[in-house]
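I have placed the structure first, in the form of structure tokens, so that the comments after it can refer back to it.
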Amino acid sequence: MSTAAARQPASPQRRSWVWVPGGSDFSLANLPYGVFRRSRQPPKVGVAIGEQVLDLAEVARAGLFDDVVDGGETLFRADRLNPFMARGRRTWDAVRTRLTELLDATDHRLRDIDGLAERALVPATQVELQLPFEVADYVDFYASIEHATNLGRMFRPGGEPLLPNWRHLPVGYHGRAGTVVVSGTPIVRPNGQRKLGDTEAPTFCPSRMLDFEAEVGFVVGSGSRLGSTVATDDVAEHVFGLVLVNDWSARDIQAWEYQPLGPFLGKSFATSVSPWVVALAALEPFRVPSPVQDPPVLEYLRTTGDWGLALDLEVRLTSAAMGRRGSRPVVLSRPPFAGLYWTIPQMLAHATINGASLRTGDLFASGTVSGTAPDTLGSLIELADRGRVPLALPDGSTRTFLEDGDTVEISAACAAPGFPRVGFGAVSGTVLPTHRA
51 MSTAAARQPA
61 SPQRRSWVWV
71 PGGSDFSLAN
81 LPYGVFRRSR
91 QPPKVGVAIG
101 EQVLDLAEVA
111 RAGLFDDVVD
121 GGETLFRADR
131 LNPFMARGRR
141 TWDAVRTRLT
151 ELLDATDHRL
161 RDIDGLAERA
171 LVPATQVELQ
181 LPFEVADYVD
191 FYASIEHATN
201 LGRMFRPGGE
211 PLLPNWRHLP
221 VGYHGRAGTV
231 VVSGTPIVRP
241 NGQRKLGDTE
251 APTFCPSRML
261 DFEAEVGFVV
271 GSGSRLGSTV
281 ATDDVAEHVF
291 GLVLVNDWSA
301 RDIQAWEYQP
311 LGPFLGKSFA
321 TSVSPWVVAL
331 AALEPFRVPS
341 PVQDPPVLEY
351 LRTTGDWGLA
361 LDLEVRLTSA
371 AMGRRGSRPV
381 VLSRPPFAGL
391 YWTIPQMLAH
401 ATINGASLRT
411 GDLFASGTVS
421 GTAPDTLGSL
431 IELADRGRVP
441 LALPDGSTRT
451 FLEDGDTVEI
461 SAACAAPGFP
471 RVGFGAVSGT
481 VLPTHRA
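Take 51 as the starting number for the sequence shown in the working numbering and just add one per residue.
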């Protein structure tokens, strides 16, 4: 089957026979993949449409994928997306095309099989969303020039905010795959060493500078051979889709430990990801020019086409007191992903330029997304100027860093004239008190 249709933006005129509320993240143009569980049933692969989850194993069991993917029922009864992602772009495109057809208002196949629609469509309120993919490796980049400049001024006062290499390559570090958790997982405040001011020795205690980082991650579907490289033009052959990421950070632990080898315990305790993976194909209508890079990058980092993304994030916070009172979350910032200095193809090309291989389930995160305006900063350390400018909350309290009981929620959506909204849902986590060592 030809997959060319899946590589083109969905027609904005198409409508689904499944009810999709106005402003929904999950229109027919989106169809993000996730893993869900119903009460006392094993996890399975599903797709979000409106306020429903489409059970792909049920669709496959009815034979509606037989001509587009081999072993579809087994593939979609997996408890992770990895087996499906490993099939490669031809399969991703074919399945996406078939799903778009089956859910289109003019198509009756899914509805014509007796009882199938009732079995396959599950209200989102009746499912528990799981970690969507098994994380093979986790790499976090530092791709926002605004964020890098802001933190450079804080951590290296009096020096150049950007180190000499920053404009020449996408700076990144390897994180800890085993502590990547799905949205909603509680985040325990980490313990660690911290050093205050001019004191001679560090102390060991719970972090007092716990922070969030609003990020976007991309997930590898098709791997690559050890010793090979991935060109910027080949990113769509390897990247399955995108997720939201909150790379929780203990700034006091980080500040003491990060020289000379970079982040370690200040980052590795938890990273939250959203449960829905938005296919790269769904984002085609929202690609925009990325910022001009000066000086020009080396040949292997040059890209063709637009690889910026008109994706706007929103960060919200609910304190424990606000939660008890039923207060609405307070919006802290709205970071713009379109302004990211380094693009997804450049990050992937750089990560493999030395011959390092990709594996199905690799997660690459952008690093904190920050803009130039005060209300577009993607972390508390920036919003509160490293504790010098406390943020006022509706319950009368203030924040310089996160407190126990705080819930942070990050959402994001793409928008463009004439196209349906394509949203990511949300990634959230609540801070719990530390475990005493």
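Each residue gets a CB set at the ideal place from its N, CA and C atoms; glycine is no exception.
All values derive from a computational prediction rather than experimental measurement.
Straight-line Cα distance separating residue j from residue i
i, j, result
"Val85", "Leu131", "7 Å"
"Val458", "Asp116", "42 Å"
"Phe254", "Ser89", "42 Å"
"Asn404", "Thr156", "49 Å"
"Gly473", "Ala360", "11 Å"
"Gly234", "Ser318", "18 Å"
"Asp129", "Ala399", "30 Å"
"Met204", "Arg127", "48 Å"
"Tyr488", "Phe183", "A question about residue 488 goes unanswered here, because the residues of the chain that appear run from 51 up to 487."
"Leu427", "Pro440", "14 Å"
"Gly355", "Thr147", "24 Å"
"Ala54", "Glu349", "Model confidence at Ala54 stands at a pLDDT of 38, short of 50, so the residue's coordinates are unreliable and nothing is read from them."
"Ala370", "Gly376", "10 Å"
"Ala465", "Leu78", "14 Å"
"Gly312", "Gln243", "15 Å"
"Arg161", "Ala167", "6 Å"
"Arg449", "Ala300", "15 Å"
"Ser322", "Gly247", "31 Å"
"Ala406", "Ser278", "7 Å"
"Arg486", "Arg258", "14 Å"
"Pro151", "Trp216", "First, the amino acid is wrong: residue 151 is Glu here, not Pro. Spanning the two alpha carbons is a distance of roughly 45 Å."
"Val68", "Thr422", "40 Å"
"Thr141", "Leu149", "12 Å"
"Gly417", "His158", "44 Å"
"Leu276", "Thr282", "17 Å"
"Pro92", "Arg436", "45 Å"
"Leu213", "Ile394", "21 Å"
"Asp344", "Met397", "17 Å"
"Asp362", "Glu250", "44 Å"
"Asp164", "Ala112", "10 Å"
"Arg57", "Glu123", "With a pLDDT of only 45 at Arg57, under 50, the local geometry of the prediction cannot be trusted, and the value read off the model is given with reservation. Spanning the two alpha carbons is a distance of roughly 24 Å."
"Pro467", "Leu81", "20 Å"
"Ala198", "Leu390", "11 Å"
"Pro207", "Arg409", "39 Å"
"Ser52", "Val119", "Below a pLDDT of 50, predicted positions are generally treated as unreliable, and Ser52, at 33, falls in that range; the measurement from the model is reported next regardless. Those two C-alpha atoms are separated by around 13 Å."
"Pro385", "Leu351", "25 Å"
First and last residue of the uninterrupted alpha helix (DSSP H) at residue i
i, result
"Glu168", "Leu166 to Ala170"
"Leu201", "Ile195 to Phe205"
"Pro395", "Ile394 to Thr402"
"Leu433", "Leu430 to Leu433"
"Ala305", "Arg301 to Glu307"
"Gly373", "Ala370 to Arg375"
"Ala286", "Val285 to His288"
Identity of the residue in the options nearest residue i by Cα
i, options, result
"Pro71", "Ile460, Glu101 and Gln91", "Glu101"
"Ser324", "Pro220, Phe451, Leu166 and Val232", "Val232"
"Phe387", "Ala399, Gly358 and Thr402", "Gly358"
"Ala479", "Ala406, Glu184, Asp105 and Pro236", "Checking the sequence shown, residue 479 turns out to be Gly, not Ala. Among Ala406, Glu184, Asp105 and Pro236, the Cα nearest to that of Gly479 belongs to Pro236."
"Ser74", "Val481, Ala463, Arg486 and Pro467", "Ala463"
"Leu125", "Ala110, Leu114 and Arg139", "Ala110"
"Lys94", "Ala170, Pro424, Trp142 and Asp425", "Ala170"
"Ala98", "Pro341, Gly209, Pro173 and Phe134", "Pro173"
"Gln63", "Pro470, Trp142 and Thr279", "Pro470"
"Ala476", "Pro92, Leu367 and Tyr391", "Leu367"
"Val481", "Ser461, Gly455 and Ile460", "Gly455"
"Pro252", "Asp412, Gly165, Glu307 and Leu443", "Glu307"
"Thr353", "Ser429, Gly228, Val285 and Leu452", "Val285"
Limits of the beta strand (DSSP E) - the one that residue i falls within
i, result
"Thr484", "No beta strand (DSSP E) holds Thr484; DSSP gives it neither H nor E."
"Thr426", "First-last for Thr426: undefined, no H or E at that position."
"Phe191", "Tyr188 to Phe191"
"Leu382", "Val380 to Ser383"
"Phe254", "Thr253 to Pro256"
"Leu413", "Leu413 to Ala415"
"Gly267", "Ala264 to Val270"
"Val458", "Thr457 to Cys464"
"Ser322", "Thr321 to Val323"
"Val85", "Tyr83 to Arg87"
Near the ligand PLP: residue i beta-carbon under 7 Å from a heavy atom
i, result
"Gly291", "Judged by which ligands are present, the structure shown has none, so any question about the ligand PLP falls away."
- Item | 3-residue-minimum beta strand (DSSP E) runs that sit fully inside the region 98 to 162, ordered along the chain | 102 to 105
- Item | Segments assigned beta strand (DSSP E), at least 3 residues, entirely inside the region 218 to 243 | 222 to 224 and 230 to 232
- Message: Any contact between the region 373 to 381 and the region 189 to 206? By contact I mean 3 or more CB pairs, one from each, below 8 Å.
- Response: no
- Within the chosen definition, does the region 329 to 340 reach the region 287 to 298 through at least 3 CB pairs nearer than 8 Å? yes
- Query: For the region 294 to 313 against the region 255 to 269, are there 3 or more C-beta pairs whose distance is under 8 Å?
  - Reply: yes
- Item | Touch test, the region 269 to 278 against the region 133 to 144, Cβ-Cβ under 8 Å, three pairs minimum | yes
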